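Read through the structure below, which is laid out as structure tokens, and then see the notes.
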Amino acid sequence: MDVDTIRSKAVECHEGFQYIFDKMGADQVTQYFRCRRRDISCKGRLHIKDGVKFVIGNHGGHEESPVDIEIASTISRIKRRAADTMEAPAVAINQCIAGLTIAGKGALSSIDTLKKTVRRVRRNNGPHIPIAPLNLFDLEIPNSFKEYEVEPGVFENFLLCDTGAGNNRILLFGRQRGLEILSLSHQWFVDGTFKIAPSLFSQVFVILGCHNGGVHPCIYALLPNKNQATYTQMLVEIKNLSPGIIAGSISVDYELAIHNAFRAEFPNREFVAVFSPPSKFKKQIGAAGLMA
Numbered sequence: 001m002d003v004d005t006i007r008s009k010a011v012e013c014h015e016g017f018q019y020i021f022d023k024m025g026a027d028q029v030t031q032y033f034r035c036r037r038r039d040i041s042c043k044g045r046l047h048i049k050d051g052v053k054f055v056i057g058n059h060g061g062h063e064e065s066p067v068d069i070e071i072a073s074t075i076s077r078i079k080r081r082a083a084d085t086m087e088a089p090a091v092a093i094n095q096c097i098a099g100l101t102i103a104g105k106g107a108l109s110s111i112d113t114l115k116k117t118v119r120r121v122r123r124n125n126g127p128h129i130p131i132a133p134l135n136l137f138d139l140e141i142p143n144s145f146k147e148y149e150v151e152p153g154v155f156e157n158f159l160l161c162d163t164g165a166g167n168n169r170i171l172l173f174g175r176q177r178g179l180e181i182l183s184l185s186h187q188w189f190v191d192g193t194f195k196i197a198p199s200l201f202s203q204v205f206v207i208l209g210c211h212n213g214g215v216h217p218c219i220y221a222l223l224p225n226k227n228q229a230t231y232t233q234m235l236v237e238i239k240n241l242s243p244g245i246i247a248g249s250i251s252v253d254y255e256l257a258i259h260n261a262f263r264a265e266f267p268n269r270e271f272v273a274v275f276s277p278p279s280k281f282k283k284q285i286g287a288a289g290l291m292a
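Residue numbers (full-length UniProt numbering): 1 to 292.
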């Protein structure tokens, strides 16, 4: 089985035992490995020369343990996956332990311990994650975060538009296929949500289109505020991405700034107002001082 390293030292598995690299021989060809069980001063040694393995000494005090090798190999795979992907820790772990034997599962560390391992690997040498900026001027997006892997080795832009550094910065995310669906859709559904908006942005605005009997999210926009000028700029950028695009009927929350922006950029379109729940109306009426 494949065990990478233990504390940055190469590991060799042979006949049920694990050996950690110790040093190179005087001939600078032979590799010397010692038994991993240094805690019991095991005298077992492994020499490797030209790919041939020689066991030196004996493993007094402990027996071979294929299960230990299985566990070490599994943890190595978890560490590699943690470094190579940004999957949730539980997902990365489950992908690596799926093939474990019953004995291996019984000897494996707790899931919480393995999650800590994933987080430690990413903290020390995982994918570079930019430091959270303090404002939209300082926000920098690495190229690797701008792309979507359609299939292994095939990428396309996922960040479709970035209006540039500034307080009114807008980011549009989606795929070319989403723009195609939107351009052919007889009806658009649009809405903004504030609870999931990342820091520095006011809302996540989503535009959905109809295709094959279903409704599909086509554009995700990160917007800095709820101003009409911002909604207008967002629509202008969408039209730049897909010249000639014409909205179908538009179902939208009754927010005046959104309506005005859509009517300006897509005149003569049918609008279907989706009214807010009564609790929201009550809050708005109260804020206007119209409640007794």
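Virtual Cβ for every residue (Gly too), placed ideally from N, Cα, C.
Owing to the predicted nature of the structure, the values given are computational and were not obtained by experimental measurement.
Note on the UniProt domain "FLYWCH-type" (13 to 56): whole beta strand (DSSP E) runs with a minimum of 3 residues are 17 to 24, 31 to 35, 45 to 49, 52 to 56, in chain order.
Distance from the CA of residue 110 to the CA of residue 224, rounded to the nearest whole angstrom, comes to 42 angstroms. Along the length of the UniProt domain "MULE transposase" (188 to 269), whole beta strand (DSSP E) runs at least 3 residues long occupy 203 to 211, 214 to 223, 249 to 253, reported in chain order. Looking at the DSSP output, residue 96 sits in no beta bridge, so it has no partner there. Looking only at 36, 231, 90, the smallest Cα-Cα distance to residue 264 is reached by 231. Contact check for residue 159 and residue 141: beta-carbon distance about 6 angstroms, within the 8 angstroms limit, so the pair qualifies. Following the DSSP letters along the chain, one finds residue 182 inside the alpha helix (DSSP H) bounded by residues 176 to 184. Residue state for residue 145 is assigned as helix, using DSSP reduced to three classes.
Straight-line spacing of the CA atoms in residue 213 and residue 105 works out to 45 angstroms. In this structure residue 61 is exposed. Its beta-carbon is surrounded by fewer than 16 other beta-carbon atoms within 10 angstroms.
Sixteen is the threshold: when 16 or more other Cβ atoms of the shown chains lie within 10 Å of the Cβ of residue 79, as they do, the residue is buried. Beta-bridge partners of residue 158 (DSSP): none assigned. With a cut-off of 8 angstroms on Cβ pairs, the region 205 to 212 is in contact with the region 186 to 194, counting three or more such pairs.
Here the region 90 to 107 makes no contact with the region 142 to 151; the two share fewer than three CB pairs at distances below 8 angstroms. Residue 11 and residue 211 have their alpha carbons spaced roughly 53 angstroms apart.
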